[in-house]
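Enquirer:
In the working numbering, the protein residues as written are 642 to 971.
#1: Per the contact definition of three or more C-beta pairs closer than 8 Å, is the stretch 924-931 in contact with the stretch 796-811?
#2: What is the residue span of the beta strand (DSSP E) that residue 898 lies within?
#3: Do you know how far the Cα of residue 764 is from the Cα of residue 732?
#4: Can you tell me whether residue 777 is buried or exposed? The criterion is at least 16 other CB atoms within 10 Å of its CB, across all chains shown.
#5: Could you check the C-alpha separation between residue 758 and residue 735 for me, to the nearest Å?
#6: Classify residue 936: buried if its beta carbon has 16 or more other beta carbons within 10 angstroms, exposed otherwise.
#7: Please return the same chain residues whose Cβ sits closer than 6 Å to the Cβ of residue 967, not counting the five positions on each side in sequence.
#8: Buried or exposed: residue 833, going by 16 or more other Cβ atoms within 10 Å of its Cβ?
#9: Name the residue from 878, 842, 870 and 873 whose alpha carbon lies nearest to the alpha carbon of residue 863.
#10: Excluding five sequence neighbours on each side, which residues of the same chain lie with their C-beta closer than 8 Å to the C-beta of residue 976?
#11: I'd like to know if the stretch 895-915 and the stretch 874-881 are in contact, where contact means that at least 3 CB-CB pairs between them fall below 8 Å.
#12: Should the stretch 883-897 be regarded as contacting the stretch 803-820, the criterion being three or more beta carbon pairs within less than 8 Å?
#13: Looking only at C-alpha atoms, which of 962, 946, 959 and 922 sits nearest to residue 809?
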C-alpha cells in the first residue's frame, strides 16, 4: 500500500471526527444563547447571525457661543487746538520758540520770539487798562473801599476805628463784667489789679475779684472781694491771674486769659468774645476795625447758583449784590 493510500485511509475518519466535534460545539453555543434549532428551525443550523453593530455615540457638543463683540470705542474727539495768539497758544508756543532761538540763535528765530513777546506785552497792557476802567466803574472792587490808600485817609479810618472800639467797650460793659481770680501771694496778680482798675474807670466794667486763698490783694485796689467757693475748679482755673467775661443776665461766661495781659488786649478779647457769643451786634463790632471787612463769605459763595458760576455777567451781578449787602451792614 502506498503512502497516499495510507494517508487517505486514516484521514477520512479524522476529518469526520473533527466535523462532528465542531457541530456539537456550535449547537451548544446556540443553545446557551437561547437560539436552538427547535426554537428557530425555519432558519436551519447554518443560519448566520451578524454581529450587532454598536451605534456610534456622537459626543455631545456644546453649542458655540459667539463672543460678544467688545463695544467699539467712541472715536475720541480731536483735541481742539488753542486759537493762534491766544494766551493758551502763547503759553504753549513761546517756550518752544524761545528754546529754538537759544539752540539756534539765528536772526529769524530770535525775531520770531521777540514778536511773540511783543504780543504778550500788548495783551498785558490792554488787561491793565481794562482793570483800571473796572475799578472806576465798579467801586466795590476798589481796595480803597476797605482801607484808604492815602495817609490822611488811613489816619481818618484809624480815628474812626478807635471811637468804635471805645463805644463797643462801653456797650459791652453795660451787659457784662469781669471775674478776676487771684492769690494774695501772686506777683502777676498784683500787676494785673491796677490794669483792671483802669479798665473799670475807662469803660465802666464791673470787676469781681475772687480770692483763691481768702486774702485781699496788697495795695488795696479792690478792698471788696469774694472768697472762692469752688468756682475756680468748676471753671477750669489752673493759674492766676485768671480773667472771665461774664454776662449776669444769662449766666454765660467766656474765658479771656489765664496769665497777665495788658488793658488793650483785655478789651480786644472781650469785644471779640462778645461778638462770637452774640452779645454785641455786628455793626458795632465792624466799627472797631481799621479795615472795612467787605468780603464775599463762604456762605454767600456756596449759595451762588450754578448758572451764575457759568456765566461771567451773572457771576458779576451775584457778587456785586453780595458785596453791596456787606457794605450796607458797615
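Note that CB positions come from ideal geometry on N, CA and C, so glycine has one too.
Expert: For this structure:
#1: The stretch 796-811 vs the stretch 924-931: in contact.
#2: Element bounds for residue 898: 893-899.
#3: Inter-residue distance for residue 732 and residue 764 is about 13 Å (C-alpha atoms, whole angstroms).
#4: That one is exposed.
#5: Each residue's alpha carbon lies about 8 Å from the other.
#6: So residue 936 ends up on the exposed side.
#7: Here the set comprises 935.
#8: By the 10 Å Cβ count, residue 833 comes out buried.
#9: When the alpha-carbon of residue 863 is set against those of 878, 842, 870 and 873, the nearest one is in 842.
#10: Missing from the structure shown is residue 976; the chain here goes from 642 to 971 and no further.
#11: In short, these stretches touch, since the Cβ pair count reaches three.
#12: Contact holds: three or more Cβ-Cβ distances are below 8 Å.
#13: Ranking 962, 946, 959 and 922 by Cα distance to residue 809 puts 922 first.
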